[in-house]
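Step one of this worksheet: look at the structure below.
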């Protein structure tokens with residue numbers, strides 16, 4: 031009986047996790063922003079990302 035081949039582990043730098051977390055936060059703001067987090071600039075952000083949100087299947091109205 032043969033043992034399964036082991037896959038080599040990949041070293042992921044610690045800063046990569048911070049970048050991934052920042053990307054998730056930015057994605058959340060872009061997808062969920064309806065005026066609460068950004069205040070006065072929310073309308074501009076909403077209009078800028080409006081079509082992209084719909085393309086990703088996220089309802090915004």
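Numbering (the working numbering), first residue to last: 31 to 91. All C-beta atoms in this analysis are idealised placements derived from N, C-alpha and C, irrespective of residue type, glycine included.
Discussion item. Taking only three categories from DSSP, how would you classify residue 51?
Written reply: helix
Practice prompt. Rounded to whole angstroms, what's the CA-CA distance from residue 58 to residue 40? Just pull it up for me.
Written response: 28 Å
Worksheet item: Quick one, are the C-beta atoms of residue 61 and residue 88 less than 8 Å apart?
Response: yes
Worksheet item: How many angstroms separate the CA atom of residue 86 from the CA atom of residue 35?
Response: 38 Å
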